[in-house]
Amino acid sequence: MTEVPPEGGSATAGLTVSGLEFAYGDDEPVLRDASLDVPAGRVRALLGPSGCGKTTLLRVVAGLERPRAGSVIGAGGRVLTDTASRTWVDPAERRVAMVFQNWALFPHMTVGENISFAMSREARAHGGRLSETLAMVGLEGLGQRRPAELSGGQQQRVALGRALAQRPEVLLLDEPFSNLDPGLRTRVREEVRELLGSLGITTLLVTHDREEAFLMGDLLTVLRDGAVVADAPPASLYREPPDRWTAEFLGEAIFLRGEARSDGRVETVLGALRVTEAARTPFSGPATVMLRPESLGLSAARGSASAGGSPRSGDPERGCATVQAVSYSGQLTNYDVDLDGQVLKITEIGAPLFSVGDPVVVEGPREPVVLLGALPDV
898 MTEVPPEGGS ATAGLTVSGL EFAYGDDEPV LRDASLDVPA GRVRALLGPS
948 GCGKTTLLRV VAGLERPRAG SVIGAGGRVL TDTASRTWVD PAERRVAMVF
998 QNWALFPHMT VGENISFAMS REARAHGGRL SETLAMVGLE GLGQRRPAEL
1048 SGGQQQRVAL GRALAQRPEV LLLDEPFSNL DPGLRTRVRE EVRELLGSLG
1098 ITTLLVTHDR EEAFLMGDLL TVLRDGAVVA DAPPASLYRE PPDRWTAEFL
1148 GEAIFLRGEA RSDGRVETVL GALRVTEAAR TPFSGPATVM LRPESLGLSA
1198 ARGSASAGGS PRSGDPERGC ATVQAVSYSG QLTNYDVDLD GQVLKITEIG
1248 APLFSVGDPV VVEGPREPVV LLGALPDV
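Count along the sequence shown from 1, then add 897; that gives the number in the numbering used here.
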């Protein structure tokens, strides 16, 4: 894809959504006081389970749905929706473009006609905008083809090109890669991420794929039952989720019950573990901590057949565990390990070094753990 300088306000746009409430008819609310902001030129991924209100939020921002309450503020503080002042800007006047999940291409139109459909009459007459957009999305020379003559990845680019041809201030992406095969999906979304970064378009991306959210988003918002439950950069949210539900939703997590100490450590089956600075509290008593499987490692228990003088022989003073299950995925090996009656899931890079039944020593964690408080279901 070719970098083309954006026109108008695309490089300086921003988006602020405040207190959105929305319901279909008399049904239960789909959005509950939902608020988020997308800094100018950044990509915010909106992640959540099916039915949590992700696409509805996009439709409200686009002006395709009217909320019961709340506001949508676009570039330069321009009010697009505000129920308090009864302000409403027509979708065609918002300078907000949306790429739908099914791409919604016109099968009877050529690639060029599909992309030009979104342009103003003046832009269509000029002709240069179409050439720029085709180059921008890597479709030079394909303007006369019809969608049926293109690959899935090329069709996705047509949909993106049609949105970008409007020179929007805000771009909305509703699971735009979900119809692509896994290998193609990885390549196309990397290309799109690079393009969005070069153009500096404020973007809100909806996805149910956490890997996609981590890859695409500068920022990540997690939605549950129509409400925002977490909001931070992806790496920060993965390392330090605010609660157990978010921790499990964002990836495999280990929860350990322990005893919090006044020195900022928690006594667990893995020993006295440091907690993150943000999670430190002055209390002492029962507590639950969270850590990720990749923060732990395994070494052979000394004296076991698998130790064999290996430098990965473990410390005999640490508790000995037993491998219960091994799963190899090519790049990673996942172990289920029993330690004092608690099964820990541990992820290591590379081929398996241990087999079911091997005695091992659990090493780590390699970084501070997250203190979540005492939870009865651990």
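Glycine included, C-beta positions come from ideal geometry on N, C-alpha and C.
In the DSSP assignment, the residues bridged to V1119 are L944 and A1127.
N1231: member of the beta strand (DSSP E) spanning L1229 to L1236, first to last residue. Runs of the beta strand (DSSP E) lying entirely within the segment 931 to 1009 and spanning at least 3 residues, in chain order: 940 to 944, 966 to 970, 976 to 979 and 993 to 996. Taking 8 Å as the cut-off, the Cβ atoms of P1190 and T1244 count as close.
Bounds of any beta strand (DSSP E) do not take in F1251, whose DSSP letter is neither H nor E.
If you look at A1157, you'll find it isn't in any alpha helix (DSSP H); it sits in the beta strand (DSSP E) that goes I1151 to A1157. The beta strand (DSSP E) runs of length 3 or more contained entirely in the segment 1041 to 1073 are, from start to end of the chain, 1067 to 1071. A distance below 8 Å separates the beta carbons of T1185 and F1152. Assigned with DSSP and collapsed to three states, T1244 falls in strand.
Secondary structure note for V1034: it is in no beta strand (DSSP E), with a DSSP letter that is neither H nor E. Take A1001, set aside five residues on each side of it, and the residues of its chain with a beta-carbon closer than 8 Å to its own are A1056, in chain order. In the pairwise beta carbon analysis, the segment 1051 to 1071 is classified as touching the segment 1033 to 1041: at least three pairs are separated by under 8 Å. At the C-beta level, G1114 and A931 stay beyond 8 Å of one another.
By the Cβ criterion, the segment 1127 to 1143 is not in contact with the segment 1225 to 1238, since fewer than three pairs of Cβ atoms, one from each stretch, lie closer than 8 Å. Around the beta carbon of Y921, fewer than 16 other beta carbons sit within 10 angstroms, so the residue counts as exposed. Counting the other CB atoms within 10 Å of its CB gives L961 a total below 16, which places it among the exposed residues.
8 Å or more divides the Cβ of A972 from the Cβ of G916. For the pair R1141 and P1256, the Cα-to-Cα distance works out to about 30 Å. Under the three-state reduction of DSSP, F1146 is assigned to helix.
For A981, the closest of E990, G967 and D987 by C-alpha to C-alpha distance is G967. Inter-segment contact for the segment 1041 to 1051 and the segment 1067 to 1083 is present: three or more beta-carbon pairs are separated by less than 8 Å. A distance below 6 Å between beta-carbons, with the five flanking residues on each side excluded, links A1144 to the following residues of its chain, in chain order: P1138, A1150 and M1187.
Secondary structure of V1186 (DSSP, three-state): strand. Within a 10 Å sphere around the beta-carbon of T984 sit fewer than 16 other beta-carbons, which makes this residue exposed. Counting of Cβ neighbours within 10 angstroms places N1011 among the buried residues, the total reaching 16 or more. When only Cα atoms are considered, R1121 and G945 end up about 6 Å apart.
Of the candidates R1043, D1071 and V1008, the residue whose Cα lies closest to the Cα of S947 is D1071. Residue environment: S1224 is assigned as exposed (fewer than 16 neighbouring CB atoms within 10 Å of its CB, all protein chains considered).
Rounded to the nearest whole angstrom, the CA to CA distance from L1241 to G1155 is 15 Å.
For A1197, the uninterrupted beta strand (DSSP E) run begins and ends at G1194 to A1197, by DSSP. For E1088, the enclosing alpha helix (DSSP H) starts and ends at P1079 to L1096. Setting aside the 5 residues that flank it on each side, E918 is surrounded in the same chain by P926, L928, R929, D930, P964, R965, A966 and G967, each with a C-beta closer than 7 Å to its C-beta; the list follows chain order. In the structure shown, the three-state DSSP call for Y1225 is strand. Annotation for R1107: the continuous alpha helix (DSSP H) segment containing it runs R1107 to M1113.
The beta carbons of L1101 and L943 sit closer together than 8 Å.
Closest option to L1096, judged by alpha-carbon separation, among V958, E1029, S1181 and P1265: E1029.
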